[in-house]
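For the sequence shown, the numbering used here assigns the number 6 to the initial residue and increments by one for each residue that follows. A virtual CB, placed ideally from N, CA and C, is assigned to each residue, including glycine. Owing to the predicted nature of the structure, the values given are computational and were not obtained by experimental measurement. A short worksheet on the structure shown next.
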Amino acid sequence: MGDQRGCGQGTKDCSREKISKTIFQKIIDRELPAEIVYEDEEIICIKDKFPQAKVHLLLITKKCIPSIHDLEESEYPLMVKILKMVKVLAKKFEIEDNYRIVINRGSGAGQTIFHLHVHLLAGGAHK
Ligand code: 5GP
């Protein structure tokens, strides 16, 4: 049965489980449009569709891990990579002096898409 951490509504491997794809998985698979600002084999960064600040980016793991709490030790390098990209993108968007990163875990904390992502926010209201 494999590793089931409940990504979306089903298994963690949304790319193969069509019924349980998250919105982000659909964006990764080009089934939904998004403004992509960075992409490699492990992560994708898009502009938030409903920005809470002047700059509001989402850095998303391509592997469909439901939340930060579900991250396994072997997957920690993904977060390191995301944090490195935060720095690169903060520079690119000229927000390096003032920005916030937010990771929501659980619906009670505001998580609405159960596919690991980091918000990068700068300018204006904060999430
Ligand atoms: P969460 O609330 O799970 O921490 O963050 C999910 C984020 O995804 C929200 O900030 C929301 O505005 C954003 N979002 C929801 N649907 C879409 C979409 O279809 N496209 C993009 N680019 N962002 C989305």
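Ile118 has its Cβ nearer than 7 Å to a heavy atom of ligand 1. Under the DSSP assignment, Leu94 falls in the alpha helix (DSSP H) whose first and last residues are 81-97. No Cβ-Cβ contact shorter than 8 Å links Ile41 with Ile28.
Spatial neighbours of Tyr104 in its own chain (CB-CB distance under 7 Å, excluding positions within 5 residues in sequence) are listed in chain order as Ala95, Leu125, Leu126, Ala127. Using a Cβ distance threshold of 8 Å, Gln116 and Ser79 do not count as a contacting pair. Ranking Gly129, Val93, Met84 by CA distance to the CA of Val123 puts Met84 first.
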